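Okay, so here's the structure we're looking at.
Protein chains: 2
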Amino acid sequence: MSTAVQPHFKHHKNEEAINTVCSKLSERFGDRFTMGKALREQHAHTTTGLQNEMPDGVVFAQSTEEVSEIVALCNEQCVPVIAFGSGSSLEGQLNAPYGGISVDLSGMNAILEVCAEDLNCTVQAGVTRKQLNDYLRDTGLFFPIDPGADASLGGMAATRASGTNAVRYGTMKDNVLSLKAVMADGTIIETASKAKKSSAGYDLTRLLVGSEGTLGIITEVSLKLSGIPQAISGGICGFPDLESACNAVIMTIQCGIPVARIELLDSLQVKAVNLHSKLGLEERPTLLVEFHGTDSGVAEQAELFADIIEEFGGSDFEWATKPEDRTRLWTARHESYWATFSLRPGAKSVSSDACVPISQLAECVRETQKDIEATGFLAPIVGHVGDGNFHVQLLLDPENPEEHAKADAFLGRLAERAIAMGGTCTGEHGVGQGKMKYMTKEFGPALSYMIAIKEAFDPKNIMNPGKILPEHG
Amino acid sequence: MSTAVQPHFKHHKNEEAINTVCSKLSERFGDRFTMGKALREQHAHTTTGLQNEMPDGVVFAQSTEEVSEIVALCNEQCVPVIAFGSGSSLEGQLNAPYGGISVDLSGMNAILEVCAEDLNCTVQAGVTRKQLNDYLRDTGLFFPIDPGADASLGGMAATRASGTNAVRYGTMKDNVLSLKAVMADGTIIETASKAKKSSAGYDLTRLLVGSEGTLGIITEVSLKLSGIPQAISGGICGFPDLESACNAVIMTIQCGIPVARIELLDSLQVKAVNLHSKLGLEERPTLLVEFHGTDSGVAEQAELFADIIEEFGGSDFEWATKPEDRTRLWTARHESYWATFSLRPGAKSVSSDACVPISQLAECVRETQKDIEATGFLAPIVGHVGDGNFHVQLLLDPENPEEHAKADAFLGRLAERAIAMGGTCTGEHGVGQGKMKYMTKEFGPALSYMIAIKEAFDPKNIMNPGKILPEHG
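Chains as they are written, first to last, in this note's numbering: chain A, 1 to 473; chain B, 474 to 946.
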């Protein structure tokens, strides 16, 4: 009975093998393979404080069969393979600490099938969520998961993305029906049928969702779709303090109001949004809310919600019934990441998220805010609070290593605080490189079984090595 | 690149090791270990046409630590371990083809925590769904998954159970937050935090859900709870033919009516229910429907549904607004399994299920009915048709091997028909022994990765061997 976790073995870089792979890929793919520095750098793009670690080459794949060919070659030569979708991941998932080949899937952007009768579709991994929703516009259906960025659907599956709508529609875990993936030796698999439910065998779909390219490269995604609601309404209201806002959210969820989005912005975030989007909102803890349903259903939800905010000292709810007003508010929310830079122009942003049981939300946010005050950071808080999920965005001086060291320590305390409250070190950004160090604390002996799966699926450790699993050797 | 699946290696029975384990368990657990034939037979209980294959001993565990001790001993001696909850599985999941120890978890029936604020609870694996719902009665919450039988929640997680409510509330996959489990060497793991969502690491929760005790023994289950709806209403309506009933269901789902249950009974099943429960229903394809929501929400859903059934030639909808009428109808539905015996007293029932994309439902049911007619079986069809899931219950002469052989062939055609239509050989009964033979067809090369996980987690193949994965050797 082992309780101590044996870390995963480290990949060892082999320059000669990398050269062999690069020359073979160049021969096979011509222009679609590059070793140019700009593209390599862009393909290791990371929006964190992590250092950019470039791959040795980038290949633009056009089919599952091509991905299979590339991965099989890399496996034969023991060279790392990193899948690239749209480059919007946040925890260094695209870095290549041991070099290797970035497989760019953005050209695999065909919508293969939309089955309105079954409320599902199948797309290539490079299709982005906006592209899919544009395509669906006339069908009365939409794909609800919205992480903010116009991410690729393959990438969203690989990182188990969620976002503002998750409180109502779930995360990628809940909305992927089935996947096509290329495994470490080049084998192509389909994880499941298109049936809405199944009790046949191990759930390989959910195993690949969130595996960040470390177990296989997702090349096709079958997704559940939702009906565009007959009515959408929503708006905004302010609270005297963060705790009242959090408690209003908790009560909303407990009352079973099927709110489609419920987002918290702290005072500093409201200030940033005002600066960026010229909204003129009062600078206090604020909830942005949206209801989906039938006309009468939405009215009913809104009425119940209004009672709740009154109870918690919220301001009068300002309705945004016109689509353009709603779009303006949600655009401001979606741009909150960029808006924060208005608070400290020239700063580097380091964004982190945590997720706790909703009963712990108010306390976790309050403790985190105290910690921000104590460290003297400029760091707005914003979050998908209906799920107990919130983000902290630290604005750091890029030239000041001391600030970065303090930030690292702060992020460690944030992760440990969430874990200690029965939560997780990441609600939706994934582990990548940035959160590997918290995995042992969060999972304990269960981590050994993740490592066992990794070693069984990818014995040479070529699939996005140096991510998710703590390493040794 | 391997596309041919290497089957999983077979467990080899070792009588001496079994004797060693039995004498150690007897010494350690006294009265709580038995080798009596009646109990051993009952613990391999199967409601299929499969032969009863008894374990060598049954041990009644009272804690996770005890389960760990038992499994570690069995692993050391290379003796099979089969977890037992309430014995209601349908595909021979509890059989012991290589002997070994049945670990009875029914005594682990404590409700450990209910957190109303977080809409979740943690229970020991032996707690049954009725026990949990009785306990929750005063909290305004309930656990919605309802497979019919009063199954244990550990068993429901292990078989990825679902049932009548799944169309609205999902299956066990969607409602398990986290699991505590004992792995093959006795290691105790917790698969996840209690956060509502997480993107940290591989989804071990979903991997264990549906693994039927072949990867680990689930000892504690943390579950999402739902609010008891303010209003429930529903009723029943008949259709001129099966296809119209199926098409009404398809349209209901497409229109996004959040129906809580929508069940199809074919004419023969209605006849059986009439005989058993004295309902006096007209013997034609019939839908039983239930709506959950607010008063006005339920009324709105019902109105939309009434329009749909009219379009498909359904009879006037008979409302069952009084709780006692509703209970009578749903009790009849739940007892449909037992009711079918009224059609052929003394018969043996062999029940199977399949699940297809809903667009294929009408055709799959029609083809299956044709097949039933051609073979001359007495076999009612009933199903959770909102998910594309239906059951066929064959009534066979227990003394007629020819009928059983014909039934086997029929079940093979049913599974292959569902798979060919993009569906699965089992929507909710699981694989067990009964459906192992269809796994290669359903999963192709993906099956190799299930076998790789099994071999990594359970290198000696002691965890419920001879289930789910096709074997060789």
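Built from N, CA and C at the ideal position, the CB exists for glycine as well. Small disclaimer: the values here were computed from a predicted structure and weren't measured.
Asked: For a test of the three-state rule: what should DSSP assign to A:Ile462, helix, strand or coil?; Found: coil
Asked: Determine the DSSP secondary structure at B:Ala654, reduced to helix, strand or coil.; Found: strand
Asked: Starting from A:Arg160, find everything on chain B with Cβ-Cβ shorter than 7 Å and list it in chain order.; Found: Ser672
Asked: In chain A, which residues lie with their C-beta within 9 Å of the C-beta of B:Gly683?; Found: Ser198, Ser199, Ala200, Gly201, Tyr202, Asp203
Asked: State whether the stretch 69 to 84 of chain A contacts the stretch 177 to 190 of chain A, with contact taken as three or more CB pairs (one from each stretch) at a distance under 8 Å.; Found: yes
Asked: Closer than 7 Å by C-beta to B:Lys914: which residues in its own chain qualify, once you throw out the five before and the five after it? Chain order, please.; Found: Glu889, Ile892
Asked: With 9 Å as the limit, tell me which residues of the stretch 902 to 925 of chain B have their beta carbon closer than that to any beta carbon of chain A; keep them in chain order.; Found: His902, Gly903, Val904, Lys908, Tyr911, Met912, Glu915, Phe916, Gly917, Pro918, Ala919, Leu920, Ser921, Tyr922, Met923, Ala925
Asked: Does the distance from the C-beta atom of B:Met894 to that of B:Val904 stay below 9 Å?; Found: no
Asked: What is the rounded straight-line gap between the Cα of A:Gln369 and the Cα of A:Asp316?; Found: 26 Å
Asked: What is the DSSP secondary structure of B:Phe712, counted as helix, strand or coil?; Found: coil
Asked: Quick check on A:Ser26: does DSSP put it in helix, strand or coil?; Found: helix
Asked: Going by DSSP, what residue range makes up the alpha helix (DSSP H) through A:Cys74?; Found: 64 to 77
Asked: What in chain B is Cβ-close to A:Cys115, meaning under 9 Å?; Found: Pro830, Ser832
Asked: Between the alpha carbons of B:Val552 and B:Cys495, how many angstroms are there, rounded?; Found: 10 Å
Asked: For the stretch 284 to 299 of chain A and the stretch 216 to 225 of chain A, state whether three or more C-beta atom pairs, one from each stretch, are separated by less than 8 Å.; Found: no
Asked: Name the residues in the stretch 847 to 866 of chain B whose C-beta lies less than 9 Å from a C-beta of chain A; which are they?; Found: His857, Gly859, Asp860, Gly861, Asn862
Asked: Could you check the C-alpha separation between A:Leu411 and A:Cys425 for me, to the nearest Å?; Found: 10 Å
Asked: Look at A:Ser277 and A:Arg328 and say whether their C-beta atoms are less than 9 Å apart.; Found: yes
Asked: By how many angstroms is the C-alpha of B:Thr767 removed from the C-alpha of A:Gly297?; Found: 9 Å
Asked: Could you tell me if B:Gly787 is buried or exposed, where buried requires 16 or more neighbouring beta carbons within 10 angstroms of its beta carbon?; Found: buried
Asked: Within the same chain, show all residues whose beta-carbon is closer than 7 Å to that of B:Val838, passing over the 5 residues directly before and after it, in chain order.; Found: Leu715, Cys719, Ile854, Phe863
Asked: Run through chain A and tell me which residues come within less than 8 Å of B:Ile723, C-beta to C-beta.; Found: Glu117
Asked: Using C-beta distances below 7 Å, list every residue in its chain close to A:Ser193, excluding the 5 sequence neighbours before and after it, in chain order.; Found: Ser178
Asked: What do you get for B:His485, buried or exposed, if any count of 16 or more other CB atoms within 10 angstroms of its CB means buried?; Found: exposed
Asked: For B:Asp844, which residues of its own chain have a beta-carbon under 7 Å away from its beta-carbon, when the five flanking residues on both sides are left out?; Found: Phe883, Arg886
Asked: Rounded to whole angstroms, what's the CA-CA distance from A:Gly140 to A:Ile228? Just pull it up for me.; Found: 5 Å
Asked: Taking DSSP as the reference, what is the three-state secondary structure of B:Ile926?; Found: helix
Asked: From B:Glu773 to A:Ser152, what does the alpha carbon distance come to, in whole angstroms?; Found: 37 Å
Asked: At a Cβ cut of 8 Å, what residues of the stretch 650 to 661 of chain B count as close to chain A, listed as they run along the chain?; Found: Met656, Asp658, Gly659, Thr660, Ile661
Asked: Taking the alpha-carbon positions, what's the A:Leu25 to A:Val59 distance?; Found: 8 Å
Asked: Grab me the residues of A:Arg32's own chain with a C-beta within less than 7 Å of its C-beta, minus the 5 sequence neighbours each way, in chain order.; Found: Val59, Phe60
Asked: Please check if any C-beta of chain B sits within less than 9 Å of the C-beta of A:Ser336.; Found: no
Asked: What in chain B is Cβ-close to A:Phe457, meaning under 7 Å?; Found: Tyr922, Ala925
Asked: Kindly say whether A:Gly227, judged by its beta-carbon, lies nearer than 9 Å to any beta-carbon of chain B.; Found: yes
Asked: From the DSSP output, in three-state form, read off A:Ala339 for me.; Found: helix
Asked: Could you tell me whether the Cβ of B:Leu680 comes closer than 9 Å to any Cβ of chain A?; Found: yes
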